[in-house]
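Heads up: the structure comes next, in structure tokens.
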Amino acid sequence: MKEAGVRFKILLFLIFPVVTGNFKGKQIMRSVAETFGRTVFECQNEVLMKFGSGILNDIFRYWHEGQPLEDRDLGCIFRCILLKLELVNDNGRLIDANADGFFQANGADESMTKHLIELYHSCYQTMRFPQDDCMLILEIGKCCREGVRNAHWTPGSK
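All the letters of the sequence shown, read from the start, carry residue numbers -21 to -1, 1 to 137 under mature numbering (1 follows the signal peptide of the UniProt record, and there is no 0).
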């Protein structure tokens, strides 16, 4: 009986960091998403469009499984947000020092920050450079979303 209790404690010791790590990752990604959300309306005039319900729904449902990301305007909004937050340069390249500070300000530790920065770089390097900057950022956004899902950090997921 005592051996079963010890095994249970060992199991908890091994699983707890994984479970709490995923929970913390989800909280951090929620914080990142909220920061992006606060910046959305600042970009409305800069991308010279009125946000229709379709775009707003796309933004709101970004993390939903199966949500397609096809609208160029969504890429323009994401690009504007990233530029406003000074996370990318005009070519869509990540500014590592700024991204590091941004993720850590949203609660990420050094390991998670490094993972997210490497994810963006990896996604950027796989792009075939679509016809314009908005589509480039949209494609990188799709790739990063998949990487966050694979790490089980998707905000709002179980």
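Ideal Cβ positions, reconstructed from N, Cα and C, are used throughout, including at glycine.
- Cβ-Cβ separation between E89 and N77: approximately 16 Å, too far for a contact (criterion under 8 Å).
- Buried is the label assigned to F57, since at least 16 other Cβ atoms lie within 10 Å of its Cβ.
- In this structure, K5 and P134 form a Cβ contact; the two beta carbons are roughly 5 Å apart against a cut-off of 8 Å.
- The continuous stretches of alpha helix (DSSP H) do not include Y41, and DSSP gives it neither H nor E.
- For V127, DSSP assigns no beta-bridge partner whatsoever.
- DSSP lists V67 as the beta-bridge partner residues of L73.
- Inter-segment contact for the stretch 31 to 45 and the stretch 104 to 114 is absent: fewer than three beta-carbon pairs are separated by less than 8 Å.
- Taken atom to atom, the span from the alpha-carbon of C122 to that of L115 is near 11 Å.
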